[in-house]
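Enquirer: Just so you know, the protein sequences line up as chains A and B, in that order. In terms of this note's numbering, the first sequence has 14 at position 14, counting the first letter as 1, and numbering is strictly consecutive. Remember, this note's numbering sits 147 above the position in the second sequence when you count from 1. Virtual Cβ for every residue (Gly too), placed ideally from N, Cα, C.
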Amino acid sequence: MSELRPRVDAMKPRAPMPTRTADPRPPDKFPSRGRYPSYLAFGACGAFLLLSAQLLIRGVWALGDGEAAWDAYIVSFGHPVYLAYHVAAFIGLTWFALRLFRLFPATQPNRMGPMKRPADAVLVAGLYGVFFTVLAVGTLFLGGALL
Amino acid sequence: MKTLMLKLEPVIWLLFSGGMMIGGLLLPVFVLVVALGGGLGVVGGEALGYDRMLALVTHPIGSLVVLAAMALPVWGGAHHLRHLWIDFGGLGSDSLVGFLCYGTALASSIAAILAVVRLHA
Chain A
1 MSELRPRVDA
11 MKPRAPMPTR
21 TADPRPPDKF
31 PSRGRYPSYL
41 AFGACGAFLL
51 LSAQLLIRGV
61 WALGDGEAAW
71 DAYIVSFGHP
81 VYLAYHVAAF
91 IGLTWFALRL
101 FRLFPATQPN
111 RMGPMKRPAD
121 AVLVAGLYGV
131 FFTVLAVGTL
141 FLGGALL
Chain B
148 MKTLMLKLEP
158 VIWLLFSGGM
168 MIGGLLLPVF
178 VLVVALGGGL
188 GVVGGEALGY
198 DRMLALVTHP
208 IGSLVVLAAM
218 ALPVWGGAHH
228 LRHLWIDFGG
238 LGSDSLVGFL
248 CYGTALASSI
258 AAILAVVRLH
268 A
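1. Look at the Cβ atom of M217 (chain B), then the Cβ atom of A53 (chain A), and state whether they are nearer than 7 Å.
2. Quick one: complete beta strand (DSSP E) runs, 3+ long, within the stretch 154-197 of chain B?
3. Taking the C-alpha atoms as reference points, what is the distance between L201 (chain B) and L63 (chain A)?
4. Cβ of G138 (chain A) within 7 Å of Cβ of V176 (chain B)?
5. Using CA coordinates, which residue listed in B:R229, B:S210 and B:P220 is at the minimum distance from L261 (chain B)?
6. Of all the CB atoms in chain A, is at least one closer than 7 Å to the CB of H207 (chain B)?
7. Output yes if chain B places a C-beta closer than 7 Å to the C-beta of S32 (chain A); else output no.
8. Where does the unbroken alpha helix (DSSP H) through D299 (chain B) begin, and where does it stop?
9. Report the residues of the stretch 161-187 of chain B with a CB closer than 8 Å to any CB of chain A, ordered along the chain.
10. Under 8 Å: do the stretch 95-103 of chain A and the stretch 32-46 of chain A share three or more Cβ pairs, one atom per stretch?
11. Mapping the DSSP letters down to three states, classify M115 (chain A) as helix, strand or coil.
12. Using 7 Å as the threshold, is the C-beta distance between V213 (chain B) and V204 (chain B) below it?
13. I'd like the span of the alpha helix (DSSP H) that includes A80 (chain A), first residue to last.
14. Where does the unbroken alpha helix (DSSP H) through Q148 (chain A) begin, and where does it stop?
15. Keeping to the same chain, check which residues put their C-beta closer than 6 Å to that of G223 (chain B); ignore five residues upstream and five downstream.
16. Could you compute how far the alpha carbon of P27 (chain A) sits from the alpha carbon of A88 (chain A)?
17. Which residues, in order along the stretch 252-265 of chain B, keep a beta-carbon less than 8 Å from a beta-carbon of chain A?
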């Protein structure tokens, strides 16, 4: 009867060695099908985060250089290349933020402190509300319509 | 080194997630009002004038908001670009690309801090 038992060490290598694995390869339909395009576009929006923050740093640096440097900074944004970039950046950053907030509930645990996590739709609606409120109030404030 | 990185992991992830959140919330406002509004001349005059902007950025709350809008999104952006590179088969050069991405983020963060600090000097 004992002869029918499987021999668990039958495939054991004679000496310890690294586990053999297949070479990494892209998943099927990558990058053009399914959810891959939006996943990759979301990642590519990192360029807008990086570049737009750099332009903001340049602006604050210009403030430190005086009024002429600040005025030249604002005037430089009238260049067609900057205008095209910023139209793309505004669309890209808005889509990035809304997609991030739509995915946000999936990253949260079932309990948030002492409270049970709100329904996903409530969380997403709240985050969308924060986004559009910040956009509206920030635009009015920075644009000089508030205060 | 590995232990140190594990200990720092929550801080590093705070930079990435905070960068995405802050960048997604604040940068569209900057792009819309200052870059597009100022560039097209739609918003101008006193609103984007030197004195008003200087007063806003040197206000304690304004300094914090602007610093967060400059220093955090560069980390989120760098992290996304690094992983985009890996997704397109760049795993072999990940060390170099990671160094370039996070090095840019670190240099930008230092520049952002200096830009704000020298306004207060």
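Expert: On the basis of the data shown:
1. Residue 217 (chain B) sits at position 70 when you count from the first residue of the second sequence. Residue 53 (chain A) sits at position 53 when you count from the first residue of the first sequence. Yes.
2. none
3. The residue given as residue 201 (chain B) occupies position 54 in the second sequence. The residue given as residue 63 (chain A) occupies position 63 in the first sequence. Taking the straight line joining both Cα atoms gives about 7 Å.
4. As a working note, residue 138 (chain A) is residue 138 in the first sequence. As a working note, residue 176 (chain B) is residue 29 in the second sequence. Against a cut-off of 7 Å, the Cβ pair of V176 (chain B) and G138 (chain A) comes out as a contact.
5. Start at 1 with the first residue of the second sequence, and residue 261 (chain B) comes out as number 114. Per the Cα distances, B:S210.
6. For this step, residue 207 (chain B) is matched to residue 60 along the second sequence. For the record, residue 207 (chain B) in the displayed sequence is Pro; it is not His. It does not: the Cβ of P207 (chain B) has no partner Cβ on chain A nearer than 7 Å.
7. Residue 32 (chain A) sits at position 32 when you count from the first residue of the first sequence. False, the Cβ-Cβ gap to chain B never drops below 7 Å.
8. Outside the displayed range of chain B (148 to 268) lies residue 299 (chain B), so it cannot be described from this structure.
9. G166, M167, M168, G170, G171, L172, L173, L174, P175, V176, F177, V178, L179, V180, V181, A182, L183, G184, G185, G186 and L187
10. yes
11. For this step, residue 115 (chain A) is matched to residue 115 along the first sequence. M115 (chain A) falls in the strand class under three-state DSSP.
12. Within the second sequence, the letter at position 66 stands for residue 213 (chain B). Within the second sequence, the letter at position 57 stands for residue 204 (chain B). Result yes, Cβ atoms of V213 (chain B) and V204 (chain B) sit closer than 7 Å.
13. Position 80 of the first sequence, counted from the start, is the residue given in the question as residue 80 (chain A). According to the sequence as given, residue 80 (chain A) is Pro; it is not Ala. Taken as a continuous stretch (DSSP letters only), the alpha helix (DSSP H) holding P80 (chain A) covers P80 to L103.
14. Any answer about residue 148 (chain A) is impossible in this case: the structure gives chain A only from 1 up to 147.
15. Here residue 223 (chain B) corresponds to residue number 76 of the second sequence, with the count starting at 1. Taken in chain order, the residues that qualify are F163, G166, M167 and G170.
16. As a first step, residue 27 (chain A) is located in the first sequence; it is residue number 27 there, counting from the start. As a first step, residue 88 (chain A) is located in the first sequence; it is residue number 88 there, counting from the start. Cα-Cα distance, rounded: 29 Å.
17. A252, S255, A258, A259, A262, V263 and R265
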